[in-house]
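A.B. asks:
Numbering (the numbering used here), first residue to last: 859 to 1170.
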């Protein structure tokens, strides 16, 4: 009797423990959620992504990775089958990319919606709807870094071809010339600053104003002088015509005086021409006077130049 009672108690305990385990599993498992499956397609490497990895939609955990395999129709594609909650909106503008958690290297699938096409993503008959995968940030950095390294290598190769010993020597000479030119420019600038003092600038402005006034005053004088020369020339022509006419009465008696008058007019005309020429060449002589010329040989005040021995 005792053995039977002991066996009965053990059986009841086993049944109670089994029912308790089933109830606990049902309690913690809850009711199954409705879900949809999709295929994420990529031609890039997916290092760090494993089955049962998380699927996040805008950072929220919404599903998991069910399977990873190569595309039987195109071995260049990798198919990642994921399961998402049924309430997650998946549209034609939804894209996927790999996300990484910290520095562990564990990857997950990150879903985002570009908003370009809000129509629902539909599957073709007999296949799951496919979501394209874009390059991850690490993949983009890797590609950009590789391109940058290639450009740097090409740049260094071209620089080595350009910077030959002869070209380096020419560049050094050019830099030396630039340095010398810069030093000369500083000296010239300093000299200009010394010359262009306020007093010198004031004197220069005064001189220019005086020259301008002189030119303005001399212009009418030159015009009148030219007119006078023309009138004198006309008078001289008339006198020559009168003297050459044999029918003019009393012309022979006036001939000596007319010749003297004609000579005087010619002399005055020559002097006036010289004055006009001098004014055209140097208008300042009207104010400052004619410049003194050195006396020539035979003239008063002539000094014979000295030779190399200091003797005349």
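Think of the CB as a built atom: it goes at the ideal place given N, C-alpha and C, for glycine as much as any other residue.
Which ranges does the beta strand (DSSP E) cover as unbroken runs of at least 3 residues, wholly within the region 972 to 1024, from first to last along the chain?
C.D. replies: 987 to 990, all fully within the region 972 to 1024.
A.B. asks: Can you tell me whether residue 1108 is buried or exposed, with buried defined as 16 or more other CB within 10 angstroms of its CB?
C.D. replies: With a pLDDT of 47 at residue 1108, under the threshold of 50, the modelled position of that residue is not reliable, and the figure given next carries that caveat. It counts as exposed.
A.B. asks: Does the region 998 to 1016 come close enough to the region 914 to 924 that 3 or more CB-CB pairs lie under 8 Å?
C.D. replies: Output reads no: the region 998 to 1016 does not touch the region 914 to 924.
A.B. asks: Taking only runs that begin and end inside the region 873 to 923, name each unbroken beta strand (DSSP E) of 3 or more residues, in chain order.
C.D. replies: Entirely contained in the region 873 to 923, the beta strand (DSSP E) runs reaching 3 residues are, in chain order, 893 to 900 and 912 to 915.
A.B. asks: Does the beta-carbon distance from residue 926 to residue 907 come in below 8 Å?
C.D. replies: Closer than 8 Å, so yes.
A.B. asks: Could you check what DSSP says for residue 935 in three-state terms: helix, strand or coil?
C.D. replies: DSSP places residue 935 in coil when its eight states are reduced to three.
A.B. asks: Note down the Cα distance separating residue 1166 from residue 1047, rounded to an integer number of angstroms.
C.D. replies: Confidence at residue 1166 is low in this model, with a pLDDT of 47, below 50, so its placement is unreliable and the value that follows should be read with caution. The straight-line gap from Cα to Cα measures roughly 40 Å.
A.B. asks: Return the residue from the list 951, 884 and 921 that minimises the CA-CA distance to residue 973.
C.D. replies: Here the closest residue by C-alpha is 951.
A.B. asks: Note the first and the last residue of the continuous beta strand (DSSP E) segment covering residue 955.
C.D. replies: Looking at the DSSP string, the run of the beta strand (DSSP E) that includes residue 955 is 952 to 958.
A.B. asks: With a Cβ-Cβ cutoff of 8 Å, do residue 898 and residue 909 count as a contact?
C.D. replies: In this structure, residue 909 does not lie closer than 8 Å to residue 898 by Cβ.
A.B. asks: For residue 894, tell me which candidate among 948, 902 and 1066 has the shortest Cα-Cα distance.
C.D. replies: Taking only the C-alpha atoms, the option nearest residue 894 is 948.
A.B. asks: Per DSSP, which residues does residue 1084 bridge with? Please list them.
C.D. replies: Beta-bridge pairing links residue 1084 to no other residue.
A.B. asks: Should residue 991 go down as buried or exposed, given a rule of 16 or more other Cβ atoms within 10 Å for buried?
C.D. replies: Flag for residue 991 reads buried.
A.B. asks: Identify, in the order they occur along the chain, each residue of the same chain with its Cβ nearer than 8 Å to the Cβ of residue 1035, setting aside the five sequence neighbours on each side.
C.D. replies: Excluding positions up to five away in sequence, the list is empty.
A.B. asks: What does the alpha-carbon distance come out to for the pair residue 904 and residue 956?
C.D. replies: For residue 904 and residue 956, the distance between alpha carbons rounds to 7 Å.
A.B. asks: Are the Cβ atoms of residue 833 and residue 946 separated by less than 8 Å?
C.D. replies: Any answer about residue 833 is impossible in this case: the structure gives the chain only from 859 up to 1170.
A.B. asks: Closest to residue 979 by C-alpha separation, out of 1061, 953, 884 and 877, would be which residue?
C.D. replies: Comparing Cα-Cα distances from residue 979 to each of 1061, 953, 884 and 877, the minimum goes to 953.
A.B. asks: By Cβ distance, which residues of its chain are closer than 7 Å to residue 875, with the 5 residues on each side in sequence left out?
C.D. replies: Excluding residues within five positions, none has a Cβ falling inside 7 Å.
A.B. asks: If you compare alpha carbons, which of 941, 928, 911 and 863 is closest to residue 892?
C.D. replies: Here the closest residue by C-alpha is 941.
A.B. asks: Quick check on DSSP: helix, strand or coil for residue 866?
C.D. replies: DSSP places residue 866 in helix when its eight states are reduced to three.
A.B. asks: Once DSSP output is grouped into helix, strand and coil, what is the label at residue 942?
C.D. replies: The answer is strand: DSSP assigns residue 942 an E or B state.
A.B. asks: If you reduce the DSSP assignment to three classes, tell me which class residue 1029 lands in.
C.D. replies: Three-state result, residue 1029: helix.
A.B. asks: Measuring CA to CA, which of 873, 896 and 867 is closest to residue 944?
C.D. replies: The shortest C-alpha separation from residue 944 is found at 896.
A.B. asks: Reducing DSSP to helix, strand and coil, say where residue 1054 ends up.
C.D. replies: Note: residue 1054 maps to coil in three-state DSSP.
A.B. asks: Would you decide whether residue 994 is buried or exposed? Buried here means 16 or more other CB atoms lie within 10 Å of its CB.
C.D. replies: That one is buried.
A.B. asks: Does the distance from the C-beta atom of residue 863 to that of residue 911 stay below 8 Å?
C.D. replies: Result no, Cβ atoms of residue 863 and residue 911 do not sit closer than 8 Å.
A.B. asks: On the DSSP bridge list, what partners appear for residue 970?
C.D. replies: Answer is 953.
A.B. asks: State the Cα-Cα distance for the pair residue 1054 and residue 1062, rounded to the nearest angstrom.
C.D. replies: Computed Cα separation, rounded: 10 Å.
A.B. asks: From the DSSP secondary-structure annotation, give me the bridge partner or partners of residue 927.
C.D. replies: Residue 927 is bridged to 937.
A.B. asks: Measuring straight from C-alpha to C-alpha, what distance separates residue 1131 and residue 1084?
C.D. replies: Roughly 9 Å separates the two Cα atoms.
A.B. asks: Pull up the DSSP beta-bridge partners for residue 1043, would you.
C.D. replies: None; residue 1043 has no bridge partner.
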